[in-house]
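Residues -9 to 266 in the numbering used here are what the sequence shown lists, from first letter to last.
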Amino acid sequence: MALAGAVPVSADPIYLGSYEWTIDDPNFGGFSGLEVSEDGSSFIALSDRGNLITGIFQRQGEIISSIEAGPIHRLRREFGIPLDREFSDSEGLAVAPDGTLSISFEWKHGLRFLEAPDGQVSDLITTEAFDNFQDNASLEVLAIGPDSALYTMPERSGRASQPFPVYRLLDGTWDQPFTIPRRGAFLPAGADIGPDNRLYILERDFVGVGFRTRVRRFDLEGNGEELVLETGLRVHDNLEGISIWEDDAGLRMTMISDDNFRKFQRTEIVEYRLTD
């Protein structure tokens, strides 16, 4: 693995496998957010068209062999009315210890909350700092910290030389505690805070015929940058959702791809074991 700027590289992760997931439903696909349970047995996935789905992993050893999935739930406002298309460009997903779901949106920039996948979303929670974000390139990622603070950042920083600002929502107050260095052509696609209390940023680079994937991690002050993973072109599909969890052998990294509802792409769930 190589990364501009002489960033420390953590020990190489161990690739465990990829599972191609399909369901015969026109609303299936476009997954942009993922949260895996603490024990790795179940998950919630979010699509970028305002849909949520829950599921249970079946494994043979460490490798996913099948998925038992529940129904697809459309994000709805009061009276059960689905969110309009312009309000349903949902991208980042985080789940609090009490089960509350937080979702970030990149067309109408902000966050919404709901108590369960089939529940009613809150009003949009936003701040003036988001006013100048680019359409369809804003709050791509979302993660929740040990103090229940929510961390989000835009997909684009504005210039190739400009770092990505990280915004935090804690106790109803927004601030911008740090930035993430922008390195090369990669752009943020997903985020999670692992059991090690480090912020993992999943990034992608589209190169005409496919994607490259990168994962970096930081402490919760934006320091201690490490490269966790960097793949070659077309090793994986368009990975956008990431979840870090832990089993008896250590940290695991599970990621999901956005197939953009295109037949030549796929919904892929990819797993690595972190060795450091």
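No residue lacks a Cβ here, since even glycine has one placed at the ideal position from N, Cα and C.
Out of the options, point me to the one whose CA is closest to residue i's CA.
i: E76; options: R207, G40 and T221; result: G40
i: D237; options: G100, S22 and S27; result: S27
i: D227; options: F168, E58, P16 and Y9; result: Y9
i: L217; options: R224, E193 and V197; result: E193
i: E105; options: D15, W97, L114 and D88; result: D88
i: P107; options: L91, D125 and L114; result: L91
i: P(-2); options: D161, E215 and R49; result: E215
i: P167; options: S151, A119, I13 and R224; result: A119
i: E25; options: Q124, Q50, V131 and F123; result: V131
i: G30; options: R49, D165, P136 and P16; result: R49
i: G162; options: L65, R102, D186 and D15; result: R102
i: V197; options: R224, L210, P178 and D209; result: R224
i: E269; options: D209, G174 and L210; result: The structure shown does not extend to residue 269, since the chain is modelled only from -9 through 266, so no value can be given for it.
For residue i versus residue j, is the C-beta distance shorter than 8 Å?
i: P155; j: R172; result: no
i: F251; j: G19; result: yes
i: T142; j: G212; result: no
i: L36; j: G45; result: no
i: S94; j: L42; result: no
i: N206; j: R188; result: The residue you asked about is not Asn; residue 206 is Arg in the sequence shown. Taking 8 Å as the Cβ cut-off, R206 and R188 do not qualify as a contacting pair.
i: E96; j: D113; result: no
i: A127; j: R149; result: no
i: F47; j: F33; result: yes
i: W11; j: I62; result: no
i: A133; j: A84; result: yes
Given that a residue counts as buried once 16 or more other Cβ atoms are within 10 Å of its Cβ, and exposed if not, what is residue i?
i: V111; result: buried
i: A(-6); result: Because A(-6) sits at a pLDDT of 44, beneath the cut-off of 50, its placement in the model cannot be relied upon, and the point is left open.
i: R242; result: buried
i: D249; result: buried
i: T203; result: buried
i: D182; result: buried
i: G70; result: exposed
i: A86; result: exposed
i: G180; result: buried
i: F176; result: buried
i: D38; result: buried
i: S55; result: exposed
i: T267; result: An answer regarding residue 267 cannot be provided, because it is not within the stretch -9 to 266 covered by the chain.
i: S247; result: buried
Can you find the residues in the same chain that come closer than 8 Å, C-beta to C-beta, to residue i, ignoring five residues on each side of it along the sequence?
i: F254; result: none
i: R67; result: L73, Q110 and V111
i: G222; result: R202
What are the partner residues of residue i, as DSSP defines its beta bridges?
i: E220; result: R204
i: R158; result: Y141 and D165
i: S8; result: V260
i: F21; result: S37
i: R252; result: DSSP lists no partner for R252.
i: H63; result: L42
i: I53; result: Q50
i: E58; result: I46
i: F95; result: S80 and G100
i: L276; result: No statement about residue 276 is possible, as the shown extent of the chain runs from -9 to 266 and does not include it.
Quick one: what's got a C-beta closer than 7 Å to residue i's C-beta in the same chain, skipping five residues either side?
i: G240; result: R263 and L264
i: T116; result: H99 and G100
i: S138; result: A86
i: I4; result: Y262, R263 and T265
i: G184; result: Y190, I234 and L241
i: P136; result: N187
Leaving out five residues on either side along the sequence, give the residues of the same chain with a beta carbon under 6 Å from the beta carbon of residue i.
i: L159; result: L140
i: E52; result: L6
i: M245; result: L229, I232 and V260
i: D2; result: none
i: S0; result: E216, V218 and D266
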